[in-house]
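Enquirer: Heads up: the sequence shown is residues 78 to 150, going by the working numbering.
I have a structure here, written as structure tokens, and I will follow up with some questions on it.
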Amino acid sequence: MVKGVYRRGFTIFAIVYLSDVPNENCGNFTVWPESHRFVADCFKKEGHQVLTNGMPRLDLPCEAVQISGEAGA
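In structure tokens:
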């Protein structure tokens, strides 16, 4: 796909741990709670054309959270 061209649509992600990840910094999946709302507000303000130069660097208002879990979870 050409840089700056994207498909609009719904995306969902799922993770399945293949081995236990009991503690932080063990290869955990990491999320930024509420970041989807922050990014949506950015697109409402700047417009989707901001993506023509790639994904902009955003200063998210929240800390990263590492997700722990057992294999198969």
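By construction, the Cβ of each residue, glycine as well, lies at the ideal position given by its N, Cα and C atoms.
Because the structure is a prediction, the values reported are computed rather than measured.
Return the first residue and the last residue of the alpha helix (DSSP H) that Val93 is part of.
Expert: Unbroken run through Val93: none, as it is neither H nor E.
Enquirer: Can you tell me whether DSSP reads Val116 as helix, strand or coil?
Expert: DSSP places Val116 in helix when its eight states are reduced to three.
Enquirer: With DSSP as the reference, label Val79 as helix, strand or coil.
Expert: coil
Enquirer: Whose C-beta lies closer than 7 angstroms to the C-beta of Glu111 among residues of the same chain, with five residues either side of it excluded?
Expert: Cys139.
Enquirer: My guess is that Val79 and Ser145 are in contact by the Cβ rule of under 8 angstroms, so how many angstroms apart are they, rounded?
Expert: Not confirmed; about 39 angstroms, so no contact.
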